[in-house]
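Before any comments, here is the structure.
Numbering (the numbering used here), first residue to last: 136 to 218.
See the structure below:
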């Protein structure tokens, strides 16, 4: 999977970086949902008066998505019998 990062300055002039943003194909059914979640996440970060310097979008998705949707987006391969 391909990831991208986004770096910007908030309204207070602090540099903020959002990492681990998944890049999905044009025809993927989860693309619109991720775009919407990313926009909401960025607006949430922008309103904080003292944000962190680095945020992980992947970690945020773990908390807000159903686990089945999260697995389909990131296509986690689970090893069987610790192989």
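Where a beta carbon is used, it is the ideal one built from N, C-alpha and C, also for glycine.
Remember, it's a predicted structure, so these values are computed and weren't measured experimentally.
Item: Through-space distance from residue 210 to residue 145, alpha-carbon basis; Value: 32 Å
Item: CB contact flag (residue 152, residue 189, <7 Å); Value: yes
Item: Where residue 190 sits in the DSSP three-state scheme; Value: strand
Item: Candidates 196, 172, 155: closest to residue 137 by CA position; Value: 155
Item: C-beta contact flag for residue 208 and residue 165 at 7 Å; Value: yes
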